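**Q**
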Amino acid sequence: MSHGGNHHNGGGKSKQKTPQQPPPLSPSPAPPTMPPKKGGDTPASASSTVFNVLDFGAKGDGRTDDTKAFQAAWTAACKVEASTVDVPSEYVFLVGPISFSGPYCQHNIVFQLDGTIIAPTSLKDWGSGLLQWLEFTKLVGLTIQGSGTIDGNGAVWWQDSTYDDPIDDESKLIVPLNSTMPQNHPIPLRGSLSGKMPSIKPTALRFYGSFNVTVTGITIQNSPQCHLKFDNCVGVLVHDFSVSSPGDSPNTDGIHLQNSKDVLIRSSNLACGDDCVSIQTGCTNVYIHNVNCGPGHGISIGGLGKDNTKACVSNITVRDVVMHNTMNGVRIKTWQGGSGSVQGVLFSNVQVSEVQLPIVIDQYYCDKRVCTNQTVAVALSGINYENIRGTYTVKPVHFACSDSMPCTDVTLTNIKLQPLQEHYHMYDPYCWQTFGELYTPTVPPIQCLQIGKPPNNKIQGDSDIC
Numbered sequence: 011m012s013h014g015g016n017h018h019n020g021g022g023k024s025k026q027k028t029p030q031q032p033p034p035l036s037p038s039p040a041p042p043t044m045p046p047k048k049g050g051d052t053p054a055s056a057s058s059t060v061f062n063v064l065d066f067g068a069k070g071d072g073r074t075d076d077t078k079a080f081q082a083a084w085t086a087a088c089k090v091e092a093s094t095v096d097v098p099s100e101y102v103f104l105v106g107p108i109s110f111s112g113p114y115c116q117h118n119i120v121f122q123l124d125g126t127i128i129a130p131t132s133l134k135d136w137g138s139g140l141l142q143w144l145e146f147t148k149l150v151g152l153t154i155q156g157s158g159t160i161d162g163n164g165a166v167w168w169q170d171s172t173y174d175d176p177i178d179d180e181s182k183l184i185v186p187l188n189s190t191m192p193q194n195h196p197i198p199l200r201g202s203l204s205g206k207m208p209s210i211k212p213t214a215l216r217f218y219g220s221f222n223v224t225v226t227g228i229t230i231q232n233s234p235q236c237h238l239k240f241d242n243c244v245g246v247l248v249h250d251f252s253v254s255s256p257g258d259s260p261n262t263d264g265i266h267l268q269n270s271k272d273v274l275i276r277s278s279n280l281a282c283g284d285d286c287v288s289i290q291t292g293c294t295n296v297y298i299h300n301v302n303c304g305p306g307h308g309i310s311i312g313g314l315g316k317d318n319t320k321a322c323v324s325n326i327t328v329r330d331v332v333m334h335n336t337m338n339g340v341r342i343k344t345w346q347g348g349s350g351s352v353q354g355v356l357f358s359n360v361q362v363s364e365v366q367l368p369i370v371i372d373q374y375y376c377d378k379r380v381c382t383n384q385t386v387a388v389a390l391s392g393i394n395y396e397n398i399r400g401t402y403t404v405k406p407v408h409f410a411c412s413d414s415m416p417c418t419d420v421t422l423t424n425i426k427l428q429p430l431q432e433h434y435h436m437y438d439p440y441c442w443q444t445f446g447e448l449y450t451p452t453v454p455p456i457q458c459l460q461i462g463k464p465p466n467n468k469i470q471g472d473s474d475i476c
């Protein structure tokens, strides 16, 4: 028995199945838009709900290590429901690696960030390397809000970076046919600090194992690696948020999601050196809209299935987004040899300008010069593209699906992609083992899409069922 019919029905209707409204977030008491102001210089008392880091010894001069003061303010706030940790404006706080952790904290804490938090740049603060700089774990109802900035001082890490994801693999689609393009990804050089930092680079701000988390208003800039990461979280809201890092800063994803569900990202500006949003395994019910992306590598699902792992991603909507001068537009990337599935994806109302590869499915993702061909793959079905418009510089569409597990129920509606310079684009649309429907004529014509079902539609094995 083939599951293709079910997928086909799902693919045809997946625009209804994909959430047209943001996924519901479990109700929690709304934090105040502005925290109550502390009266005078009275030290925070046990009965207070506002804990200003200055009252716990923070200097905010950009030179003194304020880590212990932040930890003390958090410890006090942790004991009070709906408390506020106040990081006031017009101060610059030097804070080392720190974990603001539950699981015994009260709910609905507000971290009011109006000042600037900067990361240390000396090796002694990082030891042999840490995976994150600022971390919030096992909390319920946490809100980080304000007009402040988190600055990771990433330049000291980038210059001696070896790429974790060397030359983002889509470059293989570009470099061989255009000798004018650089053969090596530029690595920024920032002075003579080479060799000073650990090879393990930290994420700037990470949330782990938390429920009903909100991040709004703040800017994260110049992270050594990923800027904002959610791992094992349920009920995530990110809005009116900014990421700012150079386009050549290595591995600096804007927002990274893994093993998280019921996520809404909206009204944000993401500029970085890697994926603006990266959606990894274990994510479901993710809704992204009204986001500006660029520079960066676009919005990506994956890479999934690395090292023969199982990956499960479902119910993803990306709509009303603008991408300028990015490597990719909307992309799904999987490694050979993985298992699991990606199902129910809608990319809608995407405006691209000067984007190298606006629409990409790549099931041959590889970070080495040679990856071994394998006969199993993450199964992709119900992938819907509608109203994708704008200009490209290399190739409008690249669908490279697995020989062993072709992509099914890929639908295209109102696609209009034109070369930025009529005589200088390099590729026509490319499809391999990609099956689905063209609901309207496309520009350019995507004649390589195979209409209908694969003739021998593979039955998903147990390893592909999520």
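For the sequence shown, our numbering assigns the number 11 to the initial residue and increments by one for each residue that follows. Each residue gets a CB set at the ideal place from its N, CA and C atoms; glycine is no exception. As the structure is a computational prediction, the values presented were derived from the model and not from experiment.
Look up N318 in the DSSP assignment and say whether it is helix, strand or coil.
**A** In the sequence shown, residue 318 corresponds to position 308, counting from 1. In this structure, N318 counts as helix in the three-state DSSP scheme.
**Q** Three-state secondary structure (DSSP) at W136?
**A** Taking the sequence shown and counting its residues from 1, one reaches residue 136 at position 126. In the structure shown, W136 sits in coil (DSSP, three-state: anything other than H, G, I, E or B).
**Q** Is G70 near the ligand FMN - that is, is its Cβ less than 7 Å away from at least one heavy atom of it?
**A** Ligands are entirely absent from the displayed structure, and the ligand FMN is therefore not among its contents.
**Q** Taking the straight line between their C-alpha atoms, what separation do you get for L149 and L422?
**A** Sequence index remark: in the sequence shown, residue 149 carries index 139 (1-based). Sequence index remark: in the sequence shown, residue 422 carries index 412 (1-based). L149 and L422 have their C-alpha atoms roughly 41 Å apart.
**Q** Give the DSSP bridge partners of Q155, in chain order.
**A** As a position in the sequence shown, residue 155 is number 145, starting the count at 1. Note: Q155 sits in a beta bridge opposite Q122 and T226.
**Q** Within its chain, find whatever has a CB closer than 7 Å to the CB of E91; leave out the 5 residues flanking it on each side and keep chain order.
**A** Along the sequence shown, one-based indexing puts residue 91 at 81. The residues are Q116, H117 and N118.
**Q** Tell me the rounded alpha-carbon separation between I265 and T291.
**A** For the purposes of this step, residue 265 is taken as the residue at position 255 of the sequence shown. For the purposes of this step, residue 291 is taken as the residue at position 281 of the sequence shown. Cα-Cα distance, rounded: 14 Å.
**Q** Going straight from the alpha carbon of C376 to that of I311, what length do you get?
**A** Counting from 1 along the sequence shown, the entry for residue 376 is found at position 366. Counting from 1 along the sequence shown, the entry for residue 311 is found at position 301. Straight across, the Cα-Cα distance linking C376 with I311 is about 15 Å.
**Q** Suppose you measure from the CA of K463 to the CA of G304; what does that come to, to the nearest Å?
**A** Residue numbering aside, residue 463 sits at position 453 when the sequence shown is read from its first letter. Residue numbering aside, residue 304 sits at position 294 when the sequence shown is read from its first letter. Cα-Cα distance, rounded: 36 Å.
**Q** Ordered along the chain, which non-local residues of its own chain (more than five positions away) have a Cβ less than 7 Å from that of T319?
**A** Indexing the sequence shown from 1 puts residue 319 at position 309. Result list for T319: G348, in chain order.
**Q** Just the Cα atoms here: how many angstroms apart are H435 and E364?
**A** Here residue 435 refers to the residue found at position 425 when the sequence shown is read from its first residue. Here residue 364 refers to the residue found at position 354 when the sequence shown is read from its first residue. If I take the Cα positions, the gap works out to 11 Å.
**Q** Express the C-alpha separation of A321 and S391 in angstroms, rounding to a whole number.
**A** Taking the sequence shown and counting its residues from 1, the one referred to as residue 391 is at position 381. Taking the sequence shown and counting its residues from 1, the one referred to as residue 321 is at position 311. Distance between the alpha carbons of S391 and A321 is about 14 Å.
**Q** May I have the straight-line CA-CA distance separating A410 from T444, to the nearest angstrom?
**A** Residue numbering aside, residue 410 sits at position 400 when the sequence shown is read from its first letter. Residue numbering aside, residue 444 sits at position 434 when the sequence shown is read from its first letter. Cα to Cα, A410 sits roughly 7 Å from T444.
**Q** Which ranges would you report for the beta strand (DSSP E) in the segment 252-298 if only whole runs of at least 3 residues count?
**A** You should have 252-254, 265-268, 271-281 and 287-289.
**Q** Alpha carbon to alpha carbon, how far is D285 from C458? Give it in angstroms, no decimals.
**A** Within the sequence shown, the letter at position 448 stands for residue 458. Within the sequence shown, the letter at position 275 stands for residue 285. Near 27 Å, if we compare the C-alpha coordinates of D285 and C458.
**Q** Indicate whether N295 and N325 have their beta-carbon atoms separated by less than 8 Å.
**A** In the sequence shown, counting from the first residue as 1, residue 295 sits at position 285. In the sequence shown, counting from the first residue as 1, residue 325 sits at position 315. Yes, these two residues count as a Cβ contact at 8 Å.
**Q** Return the chain-ordered list of same chain residues with a C-beta closer than 6 Å to the C-beta of I393, the five sequence neighbours on each side being excluded.
**A** Your numbering for residue 393 matches position 383 in the sequence shown. Correct list, in chain order: V355 and V420.
**Q** Given that a residue counts as buried once 16 or more other Cβ atoms are within 10 Å of its Cβ, and exposed if not, what is R73?
**A** For the purposes of this step, residue 73 is taken as residue 63 along the sequence shown, with counting starting at 1. Label assigned to R73: exposed.
**Q** Count the other CB atoms within 10 Å of the CB of V273; is the residue buried (16 or more) or exposed (fewer)?
**A** Residue numbering aside, residue 273 sits at position 263 when the sequence shown is read from its first letter. So V273 counts as buried.
**Q** Does the beta-carbon of E432 have 16 or more other beta-carbons within 10 angstroms, so that it is buried, or is it exposed?
**A** As a position in the sequence shown, residue 432 is number 422, starting the count at 1. The residue in question, E432, is exposed, as its Cβ has fewer than 16 Cβ neighbours within 10 Å.
**Q** In its own chain, which residues sit with a C-beta less than 7 Å from the C-beta of L383, not counting the 5 before and 5 after it?
**A** Reading the sequence shown from its first residue, position 373 is the one you call residue 383. Here residue 383 turns out to be Asn, not Leu, going by the sequence shown. Around N383: Q346.
**Q** Hey, which unbroken runs of the beta strand (DSSP E) at 3 residues or more fall wholly within the segment 354-398?
**A** 367-375
**Q** If you reduce the DSSP assignment to three classes, tell me which class Q81 lands in.
**A** Taking the sequence shown and counting its residues from 1, the one referred to as residue 81 is at position 71. Of the three classes helix, strand and coil, the one that applies to Q81 here is helix, per DSSP.
**Q** Is the CB-CB distance between N279 and N302 below 8 Å?
**A** Counted from its first residue, the sequence shown places residue 279 at position 269. Counted from its first residue, the sequence shown places residue 302 at position 292. Yes. Within cutoff.
**Q** With 16 as the cutoff for other CB atoms within 10 Å, does N466 come out buried or exposed?
**A** Counting from 1 along the sequence shown, the entry for residue 466 is found at position 456. So N466 ends up on the exposed side.
**Q** Does the separation of the CB atoms of I128 and D75 fall below 8 Å?
**A** For the purposes of this step, residue 128 is taken as residue 118 along the sequence shown, with counting starting at 1. For the purposes of this step, residue 75 is taken as residue 65 along the sequence shown, with counting starting at 1. For I128 and D75, no; Cβs fall outside 8 Å.
**Q** Pull up the DSSP beta-bridge partners for Q169, would you.
**A** For the purposes of this step, residue 169 is taken as residue 159 along the sequence shown, with counting starting at 1. Looking at the DSSP assignment, Q169 forms no beta bridge with any residue, so it has no partner.
**Q** Measure the C-alpha to C-alpha separation of F217 and G446 and round it to an integer number of angstroms.
**A** As a position in the sequence shown, residue 217 is number 207, starting the count at 1. As a position in the sequence shown, residue 446 is number 436, starting the count at 1. So the two alpha carbons sit approximately 38 Å from each other.
**Q** Might you give, ordered along the chain, the residues of its own chain that have their beta carbon closer than 6 Å to the beta carbon of L427, omitting 5 neighbours on each side?
**A** Taking the first residue of the sequence shown as 1, we reach residue 427 at position 417. These residues qualify, in order along the chain: P368, Y402 and P406.
**Q** Check whether the Cβ atoms of I4 and L140 lie closer than 8 Å to each other.
**A** Residue numbering for the chain in the displayed model covers 11 to 476; residue 4 lies beyond these limits and cannot be assessed.
**Q** With DSSP run on the structure shown, which of helix, strand or coil describes G161?
**A** As a first step, residue 161 is located in the sequence shown; it is residue number 151 there, counting from the start. Residue 161 is actually Asp in this sequence, not Gly. D161 falls in the strand class under three-state DSSP.
**Q** Which of helix, strand or coil does DSSP assign to Y440?
**A** Translated into positions along the sequence shown, residue 440 becomes position 430. Y440: strand per DSSP, three-state reduction.
**Q** Considering Cα atoms alone, identify which of K239, S233 and S254 is closest to N269.
**A** Counting from 1 along the sequence shown, the entry for residue 269 is found at position 259. With distances taken between Cα atoms, N269 lies closest to K239.
**Q** Quick check on the burial criterion: 16 or more other C-beta atoms within 10 angstroms. Buried or exposed for N452?
**A** What you label residue 452 is simply residue 442 of the sequence shown in a count that begins at 1. The sequence shown places Thr at residue 452, not Asn. Its Cβ being crowded by 16 or more others within 10 Å, T452 is buried.
**Q** Would you decide whether A83 is buried or exposed? Buried here means 16 or more other CB atoms lie within 10 Å of its CB.
**A** Along the sequence shown, one-based indexing puts residue 83 at 73. Result: buried.
**Q** Helix, strand or coil: how does DSSP classify D241 here?
**A** Looking up residue 241 in the sequence shown gives position 231. Look at D241 here: in three-state DSSP terms it is strand.
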